[in-house]
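Under our numbering, the final residue of the sequence shown carries the number 270; numbering is consecutive throughout.
We put the beta carbon where it would ideally sit given N, CA and C, even for glycine.
Heads up: the structure comes next, in structure tokens.
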Amino acid sequence: MSLQGKINSRIDLPGVCVQMIDYRWHRGAEIVEEEPHHLLRRRSNPTQLGVSAMVDNSEQPFGRLMFFPAHVPFCTNAAANDEYVQTITCRFDRDWFSAMANIPGEWDSGNLTRCCDVRNSRIDQAIQWMGNEVAAPGLASTLLIESLASAVAVEIARHFSQPDEQLRVRTRDGKLQPSHLNRVMEFIEATIQRCPTIEEIAASCDVSPAHLRRAFKNSTGHTIHDYVERVRLTKAKALLSETDLPLKEISFRLGFAVSSTFSSAFRKLQGETPSGFRFRTRQ
């Protein structure tokens, strides 16, 4: 079956189309997909899909971020269960993309495997940003999306021109190299509307969560959980002082299930309630 989806919102620009698409398929379905355009797709849910790509007769799990080159067929195994997937999908016209950056003319099995699970924090952050602009357009959204799309095209070309080993975060004497530490921090700070999980951060660096925890602690003297919480506090303070969003909405944006949990966490770190902080900073 070909993959069919429900388009919830979209923005079309010359050479680029960004869409919010929901997909459904049923257990046993074998999906065949071949696009005339280059396609970048990000799933909202990080959990493992019950369907995998078939590359050289080998099953390759799909990650959260995927790239499908134009006119390259992708086939899957039989889906293990019914699934519903929400995505941000960015389609690039081939000629537009080629004017921005060059990508491989031939896609070998190694690069096709990497297409199924693109581990690149800059691409991931940019497509999230584009998705937010499509879902809730603001001032100059089209200009912003156009700029982000150009940056993504260059990053995709760079990503697939590098050997896979160069993309992995490295450690030395149990510590992260400075450039790799900055990469981890940038990923945490730039994730839109929420704070990422340790598993997501580790996946973006192609290392295990346990290895990342140890290396981050050795490098900074703090746990990565503490750093994530400090970033979340900074985001919370900005939303409280700079917007009129209700606490429930702020809680949701920061990944808290209920506002009471957010209030307790904020008070523990800041020493005052969110409402008290908002009132004090607006005097």
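What does the alpha-carbon distance come out to for the pair residue i and residue j?
| i | j | result |
| --- | --- | --- |
| Ser246 | Pro23 | 45 Å |
| Phe273 | Asp95 | Given that the chain is displayed from residue -12 to residue 270, the structure contains no residue 273 and the question cannot be resolved. |
| Asn107 | Arg200 | 19 Å |
| Asn32 | Pro48 | 14 Å |
| Leu226 | Gln164 | 32 Å |
| Ala127 | Arg267 | 33 Å |
| Ala57 | Gln115 | 22 Å |
| Leu256 | Glu229 | 19 Å |
| Arg254 | Pro183 | 21 Å |
| Asn89 | Leu26 | 15 Å |
| Val105 | His146 | 9 Å |
| Arg28 | Asp231 | 33 Å |
| Ser238 | Glu21 | 40 Å |
| Ala65 | Arg14 | 7 Å |
Taking only three categories from DSSP, how would you classify residue i?
| i | result |
| --- | --- |
| Arg106 | coil |
| Pro23 | coil |
| Ser45 | strand |
| Ser134 | helix |
| Glu236 | helix |
| Glu176 | helix |
| Glu70 | strand |
| Gly258 | coil |
| Gly2 | coil |
| Ala244 | coil |
| Gln153 | Caution is warranted here: a pLDDT of 49 is assigned to Gln153, below 50, making its placement in the model unreliable, and the coordinate value is therefore given only provisionally. Helix, per DSSP. |
| Asn98 | helix |
For residue i, does the count of other Cβ atoms within 10 angstroms reach 16, so buried, or fall short, so exposed?
| i | result |
| --- | --- |
| Phe54 | buried |
| Val5 | buried |
| Gln270 | exposed |
| Ile341 | Here the chain has residues from -12 to 270 only, and residue 341 is not among them. |
| Thr248 | exposed |
| Asn98 | buried |
| Pro60 | exposed |
| Gln112 | buried |
| Cys62 | exposed |
Using DSSP bridges, identify the partner residues of residue i.
| i | result |
| --- | --- |
| Arg28 | Met53, Thr76 |
| Gly(-8) | Tyr10 |
| Cys192 | For Cys192, which the question treats as bridged, DSSP gives no partner whatsoever. |
| Thr63 | Ala40 |
| Arg(-3) | Gln6 |
- Validate contact between the region 0 to 19 and the region 74 to 81 using beta carbons, cut 8 Å, 3 pairs: Three or more pairs of CB atoms, one per stretch, sit closer than 8 Å, so the region 0 to 19 contacts the region 74 to 81.
- Query: Any contact of the region 218 to 236 with the region 186 to 196, i.e. 3+ C-beta pairs under 8 Å?
  - Reply: no
- Message: Would the region 82 to 93 count as touching the region 33 to 42 if we require 3 or more Cβ pairs under 8 Å?
- Response: no
- Query: Counting pairs of Cβ atoms below 8 Å between the region 130 to 143 and the region 106 to 121, do you hit three or more?
  - Reply: yes
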